[in-house]
Amino acid sequence: MAPTNVKPITFYGQYLPFPNPPKVFILLKPLGIPYNHIIKIATDDPTVENGIKHPSFTAINPNGRVPVVTDPNQNNIHVWESSATLQYITEVYDKDHKF
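Taking the UniProt record's numbering, I'd label the letters of the sequence shown as residues 1 to 99.
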C-alpha cells in the first residue's frame, strides 16, 4: 500500500487498441497508488492534441508510445515502455513486495 502522503502519479494510456497499458492499471490498483489517468489516442497524426505523436506527448516520451508514468514524488521522472514502468512502480511503491 502506498503511503498516504504520496502525490498522484500521472498515467498516460488507454485499454484499447494498446496491449500494454492495462498491465500498469493492474499494478496500480492493488498497490493503492493514487494516479491521474490521461487517455492518449492511437494516431500517427502529430496535430491530434491528445494523440501519441503530438509534440506535447513526444516531449515526455520521444517514442510516442504508451504506457508512460510521470511521478511527481520522484522529481517528475518520466518512465515509459511497459516493462520499465512496471519495474519502476514495484521498486518505488511495492514496499511489501506483493509483486
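Heads up, the beta-carbon is just placed ideally off N, CA and C, and yes, glycines get one too.
Remember, it's a predicted structure, so these values are computed and weren't measured experimentally.
Distance between beta carbons of residue j and residue i, contact taken as under 8 Å
i   : j   : result
N50 : W80 : Incorrect: roughly 17 Å between the Cβ atoms, too far for contact.
N73 : K7  : 5 Å
Y35 : T58 : In fact, because the Cβ distance is near 21 Å, the residues do not count as touching under 8 Å.
L31 : D94 : 6 Å
I38 : Y12 : 5 Å
Candidates the options: closest to residue i by CA position
i   : options            : result
S83 : D71, K98, V66, I77 : V66
V88 : T4, K23, P19       : Note that residue 88 corresponds to Tyr in the displayed sequence, not to Val. Ranking T4, K23, P19 by Cα distance to Y88 puts K23 first.
Q14 : I41, D45, I26, P8  : I41
F99 : I26, N36, L16, N20 : I26
Own chain, CB closer than 7 Å to residue i, minus 5 neighbours either side, in chain order
i   : result
T85 : V24, P67, V69, V79
D44 : K53
G64 : I52, K53, F57, T58
Contacts around residue i, its chain only, beta-carbon distance under 8 Å, and the 5 residues preceding and following it disregarded
i   : result
P17 : A42
P55 : P46
At 4 residues or longer, what runs of the alpha helix (DSSP H) sit wholly inside the UniProt domain "GST N-terminal" (8 to 97)?
21 to 31, 55 to 58, 82 to 93
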